[in-house]
Amino acid sequence: MSRLVFCAYSTFIISIIIQAASLIDKCPSVTDFPSTELRSFSEEDFAWQYQKSLVIAFDTTGSMEDDLEQLREAAIVIVNELSEREDNVIENYILSLFNDPYVAEPFVTTDPSELIARLNEVVVNPPNSDCPEPAMQGMKNALEVAYPNSLVFVFTDASAKDFELFDDVADVAEPFVTTDPSELIARLNKVTVSGGGDCPELAMLGIKNALEVAYPNSLVFVFTDASAKDFELFDDVAGLIQLKQIRAYFLLTGNCGDSTAPGYQVFERIARVSDGQVFNMNRDEVRDVMLAIRFVLDPGFVSLFSLDFEEAGSNSTDIAIDPSFTSVSVALSGMMADLTVRDASGDIPSGELFSATNIKIMTIPASNTVLTVEASAESAYSIRITGISAIQFRFGFSSSTPRNLNETQILPLRSQPNILSIFASNPLLINCMFQVSFIPVDDDFQVIDMELKRTSSDVYSTNVINIPSRPFKIMAYGVDTEGNEISRLLSTGIGITTVVVSCSTKCAIDGTGFVPFKYDCSRYYVCIKGVQHARSCPIGEAFDVSTSSCVSSTGVRCFRDSCLD
């Protein structure tokens, strides 16, 4: 995203801070919604906090051996810390392994002469010290396209380096899922790295497999030293991220030598749409970086602000911190990154700083203040401002004003009225929420502001709104009971979706959404003397088998098993 767009974004945030005093007048008086009607949402209302997945997607090529050891060390620390917390939000652990062994695709033909010709074309590489070989992968590739009851002849002068494929492992293994953290550690200790020589790797498929089994609002950590060969899977991965609101963090120790290639840029795109981040580091920094960002696993974790710049440069951003926060973290990623955080008096507050050449992560105890974040880098760079707060929000879209969260869905619906509503985890701390804004994930449109109105003691909703055609994130603004401004980045990327209802003898809904609909049996198939016939009727009417005529669809059985009865 261009710097110009984000400068406008920063100016927008600053103007909101300045105008907070005047906007507080938009909050309804206390008598409008008596305090007896206000309630804190239960654990069931915010069940997503108690069913998150911790996902690790790991590149198992041979060059990742040092990374694997550092991951093991960091995982032990993090898992032990989580296990000691009564409010641990991690429900299960997912390990997704990916690789791309240099094994050719099987040659398939029905013509024996073509087989002989192909054999005559085969050349062998000069001998080298790489022994054993990935024989099991070659067998697996062949078996996948072979007919049942086939015969396989294997010719080699070396053992199989990938003997672990006997049971389970392939180019992209099925994700390992467990609710027991000790099983995750045990599985990590069994992981072996092998292969290599072929860069990039099948990273996107490994990520996609993990996202498909992860809980909503989960966190994904991707470890690789290569770009993604299968970058064309971006839409699939981005769709899962939008639907499940998952954050993805990339811990990279290489990029196949080209940070401008599509296979590397797809990591940046995934991080941007998921509100995660890409960290480029040395192999001996993997453990420390993962430990430095483990605050994202805290149950009180919220996002305040995100910036992505496509060019080198510097930026200064002010951000209001309301009293519900106990700490704030600023993560900067970019070549030769430099970060300074100042409090409202201009001083540099004390805190924990992780500093590497391309990464700066500052965590400080901060509450009820305005922080100034000064950042610069000699390449494209990203900034994520997050914190630990007693106030979290949920949101949802619906076609009419909802009474509760269950009457909404995460994604807005195409060709339907859309109302955006937000729900606070602790409304007793909030005077009101007065505005939401749609922020473009890319520089596709200008920021869109919408007024929020309290529609019940616990719910704030917009009027019917127009949904951008391009992905966006949701910012929300309000005032707490002490008159302090509240601001949150509520979502990862959001995209409009379509729910399709198709009916034959049965109905199926393709899509996810809470939207009322009706259907008409204006055309269906009936069995007349053993022959299936199509019968059409005007909209609102159905073909009545008993009278062989079109009648009002009210009370008429719409579907029948045609000539199968």
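Numbers -22 to -1, 1 to 543, taken from mature numbering (1 follows the signal peptide of the UniProt record, and there is no 0), label the letters of the sequence shown in order.
We treat Cβ as the ideally placed atom computed from N, Cα and C, and that holds for glycine.
Predicted, not measured: the structure shown is a model, and the values here were computed from it.
{"Asked": "In the structure shown, what three-state DSSP assignment does G241 receive?", "Found": "helix"}
{"Asked": "Comparing C-alpha positions only, which one of I337, V348, D266, V267 sits nearest to T295?", "Found": "V348"}
{"Asked": "From the DSSP output, in three-state form, read off M428 for me.", "Found": "strand"}
{"Asked": "On a Cα-Cα basis, can you pick out the residue from T459, L468, Y438 that is closest to L282?", "Found": "L468"}
{"Asked": "On the DSSP letters alone, give me the boundaries of the alpha helix (DSSP H) that V67 sits inside.", "Found": "No alpha helix (DSSP H) contains V67, which DSSP labels as neither H nor E."}
{"Asked": "Candidates G324, N336, T318: which alpha carbon is nearest E330's?", "Found": "T318"}
{"Asked": "Do E287 and I366 have their C-beta atoms within less than 8 Å of each other?", "Found": "For the sequence presented, residue 287 should be read as Phe rather than Glu. Cβ atoms of F287 and I366: not closer than 8 Å."}
{"Asked": "Give the DSSP bridge partners of M42, in chain order.", "Found": "According to DSSP, M42 bridges with nothing at all."}
{"Asked": "How many angstroms separate the CA atom of A216 from the CA atom of V169?", "Found": "28 Å"}
{"Asked": "Is E263 buried or exposed, if buried means 16 or more other CB atoms sit within 10 Å of its CB?", "Found": "buried"}
{"Asked": "Check whether the region 42 to 60 touches the region 154 to 163, counting contact only when three or more Cβ pairs, one atom from each stretch, lie closer than 8 Å.", "Found": "yes"}
{"Asked": "Report the three-state DSSP secondary structure of Q394 (helix, strand or coil).", "Found": "coil"}
{"Asked": "Please return the same chain residues whose Cβ sits closer than 8 Å to the Cβ of E460, not counting the five positions on each side in sequence.", "Found": "P301"}
{"Asked": "Who are M411's beta bridge partners in DSSP?", "Found": "G456"}
{"Asked": "Using the C-alpha atoms, what's the distance from V308 back to E152?", "Found": "35 Å"}
{"Asked": "Once you ignore the five residues that flank A35 on each side, which residues in its own chain have a CB closer than 6 Å to its CB?", "Found": "S74, G184, I185, A188, V200"}
{"Asked": "By Cβ distance, which residues of its chain are closer than 6 Å to I361, with the 5 residues on each side in sequence left out?", "Found": "L285, L310, A353"}
{"Asked": "Expressed to the nearest angstrom, what Euclidean distance is found between the alpha-carbon atoms of K451 and V425?", "Found": "10 Å"}
{"Asked": "In chain order, what residues of the same chain have a beta carbon less than 6 Å from the beta carbon of K338, not counting five sequence neighbours either side?", "Found": "L310, A315, L317"}
{"Asked": "Measure the beta-carbon distance from C5 to V457 and round it to whole angstroms, keeping in mind my assumption that it falls under 8 Å.", "Found": "6 Å"}
{"Asked": "For the region 248 to 261 and the region 438 to 447, state whether three or more C-beta atom pairs, one from each stretch, are separated by less than 8 Å.", "Found": "no"}
{"Asked": "Considering only C-alpha positions, which residue in the set S465, D158, D203 is nearest to F76?", "Found": "D203"}
{"Asked": "Measuring alpha carbon to alpha carbon, tell me which of V419, N58, Y71 ends up nearest G254.", "Found": "V419"}
{"Asked": "What is the DSSP secondary structure of R448, reduced to helix, strand or coil?", "Found": "coil"}
{"Asked": "Distance check for T386 and P380, CA to CA, integer angstroms please.", "Found": "7 Å"}
{"Asked": "So who's on the other strand from N293, going by DSSP bridges?", "Found": "A353"}
{"Asked": "Put Q220 into one of helix, strand or coil per three-state DSSP.", "Found": "helix"}
{"Asked": "I believe residue 624 touches F371 by the beta-carbon criterion, under 8 Å. Please report the beta-carbon distance rounded to the nearest angstrom.", "Found": "Here the chain covers residues -22 to 543 and nothing more, so residue 624 does not appear."}
{"Asked": "Output the boundary residues of the alpha helix (DSSP H) element that contains L183.", "Found": "181 to 191"}
{"Asked": "State whether the region 225 to 240 contacts the region 264 to 275, with contact taken as three or more CB pairs (one from each stretch) at a distance under 8 Å.", "Found": "yes"}
{"Asked": "Alpha carbon to alpha carbon, how far is A192 from V33?", "Found": "7 Å"}
{"Asked": "Between which two residues does the alpha helix (DSSP H) carrying V267 extend?", "Found": "264 to 270"}
{"Asked": "Quick one: using the 10 Å Cβ neighbour count with 16 as the cut-off for buried, is P405 buried or exposed?", "Found": "buried"}
{"Asked": "Among L197, Q394, L430, which has the Cα closest to the Cα of T476?", "Found": "Q394"}
{"Asked": "Alpha carbon to alpha carbon, how far is T304 from A322? Give it in angstroms, no decimals.", "Found": "16 Å"}
{"Asked": "Can you tell me which of the three DSSP states A53 falls into?", "Found": "helix"}
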